[in-house]
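Note sheet for the following structure.
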Amino acid sequence: MSKHILIVDDSKTVRNLVAFIMKKEGFKVTTAEDGLDGLEKLYSAERIDLIISDVNMPRMDGFTFIKTVREQEAYRDLPIVMLSTEGQDKDIQMGMTLGANLYMVKPAQPDKMVKNVKMLLG
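FYI, the numbering for the sequence shown is 48 to 169, going by our numbering.
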């Protein structure tokens, strides 16, 4: 069975692009528009194997989203990749401190992203 990836980003273009790249690699993909939508999808999906999340989003940003996910026992070990235009050290550090496994700065090269996702799922 293919691994299921949740993509959380308020930009439809980014969501579609990342979804396209991941589907091409054979992953099952669910997309969400922001952190709140992401939590809803996470709770209602059968099983999510990895999350790719943006930082700057309306309603609930990526940092709050990750923090909320990590506070729950069931999702403590779920791999999370932050994908953001915010590439400053403080943002990267914040993402990692809150529980991201990896922080990638946009625009991420598709092959590098796929490699990292496969590594985290391996």
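All C-beta atoms, glycine included, are put in the ideal place defined by N, C-alpha and C. Only a predicted model underlies this, so the values are computations on that prediction, with no experimental measurement involved.
- In the structure shown, alanine 66 adopts helical secondary structure according to DSSP, grouped into three states.
- Excluding residues up to 5 positions away in sequence, His51 lie with their Cβ nearer than 8 Å to the Cβ of glutamate 93 in the same chain.
- Contact between the segment 48-63 and the segment 84-103 is present: 3 or more CB-CB pairs across the two stretches fall below 8 Å.
- Nearest to lysine 114 by alpha-carbon distance, out of Leu130, Leu86 and Gly134, is Leu86.
- Counting along the chain, tyrosine 150 sits inside the beta strand (DSSP E) bounded by residues 149-152.
- Put simply, of Leu130, Arg106 and Asp96 the residue whose alpha carbon is nearest the alpha carbon of arginine 123 is Asp96.
- Annotation for lysine 75: the continuous beta strand (DSSP E) segment containing it runs 75-79.
- The shortest CA-to-CA distance from proline 154 to any of Met48, Ser49 and Val61 is the one to Val61.
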